[in-house]
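Read the structure below first, then the notes.
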DNA sequence: GAATTATATTAGCATTCACTAATATGATTG
DNA sequence: CAATCATATTAGTGAATGCTAATATAATTC
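Chains as they are written, first to last, in this note's numbering: chain A, 542 to 654; chain B, 542 to 654.
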């Protein structure tokens, strides 16, 4: 895999690496939803959700279609759903280790503040 | 899945969402390696690699064992390798879309600067 | 045990990120 | 066409991230 590709790949994966975005993905995993439906689902802030949707779209993870004044978002394809499932399955295996990380209260094991 | 779990899950996935860390994972995918071997492999900075290794370890993605003055790092288990393969497979499907993102030169589709 | 080798940690800095509040766009409805 | 509803965009801010250079730790070798 080329150098550039690895950057793009990292970006793609970064799409999944945020709590709010994971919630959005769970919310639309089985059926497309409008922005307001998602906002309701997550009890979130409309602007915030819109920005995360733009992020997910930019990462190629979700797609959108307009129908009148509504915009429906859904996973790009079935493989994305499958990837989510596998991420979940692998995560469950290591969850305890990760949660037990010294600084789990701040979730910043990667680089200390 | 609980609220906290989702935070931890996001952290776990964030482990994969960096170019250098993806390179490290590729480097040790099939066999354990010492830090210096990885540094050589990536032609990277020792401090930088060490920090990324700590991150990957904190995320539960890799494990380490000491042998004399060397520390060997390897993937935590076979499922991590499998997850990497599936990420790769799904990524290939959407790669062109992601790369074509308006701002692909800076890889920051998520939040505009 | 002094020097060397392997790895980790710290500090500082510039960049990216996620969030909120405010505003803009765009379609719909009365 | 004015008002409303749905969504997107912008600006500003604090926190997290990734990097480098310098220093610390710990095991090894001479």
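In this text, a Cβ means the ideal position worked out from N, Cα and C, and glycines have one as well. All figures in this text were calculated on a predicted structure; none of them were measured in a lab.
Cβ of residue i less than 9 Å from any chain B Cβ?
i: residue 578(A); result: no
i: residue 652(A); result: Note on residue 652(A): pLDDT 47, under 50, position unreliable in the model; the coordinate value appears next. Yes - at least one Cβ of chain B is within 9 Å of the one on residue 652(A).
i: residue 584(A); result: no
i: residue 573(A); result: no
i: residue 648(A); result: For residue 648(A), the predicted model reports a pLDDT of 42, less than 50, meaning its position is unreliable and no value from the coordinates is stated.
i: residue 589(A); result: no
DSSP puts residue i in a beta bridge; with which residues?
i: residue 616(B); result: 603(B)
i: residue 608(A); result: 611(A)
Can you name the residues of chain A whose CB is closer than 9 Å to the CB of residue i?
i: residue 636(B); result: 546, 549, 550, 553, 601
i: residue 564(B); result: 547
Answer with buried or exposed for residue i, where buried requires no fewer than 16 other C-beta atoms within 10 angstroms of its C-beta.
i: residue 574(A); result: buried
i: residue 572(A); result: exposed
i: residue 630(B); result: exposed
i: residue 564(A); result: buried
i: residue 584(A); result: exposed
i: residue 610(A); result: exposed
i: residue 626(B); result: exposed
i: residue 633(B); result: exposed
i: residue 558(A); result: buried
i: residue 555(B); result: buried
i: residue 588(A); result: exposed
i: residue 551(B); result: buried
i: residue 606(A); result: exposed
i: residue 577(B); result: exposed
Taking 8 Å as the cut-off, is the C-beta of residue i nearer than that to any heavy atom in the ligand MN?
i: residue 578(A); result: The ligand MN is not part of the structure shown, which contains no ligands of any sort.
Can you pull the chain A residues whose beta carbon is under 8 Å from the beta carbon of residue i, in chain order?
i: residue 627(B); result: 623, 624, 627
Is residue i close to chain A, meaning its C-beta is less than 9 Å from at least one C-beta of that chain?
i: residue 606(B); result: no
Name the chain B residues that come within less than 7 Å of residue i, Cβ to Cβ?
i: residue 558(A); result: 551, 554, 555, 558
Fully enclosed by the region 563-593 of chain B, which alpha helix (DSSP H) runs are 4 residues long or longer? 576-583
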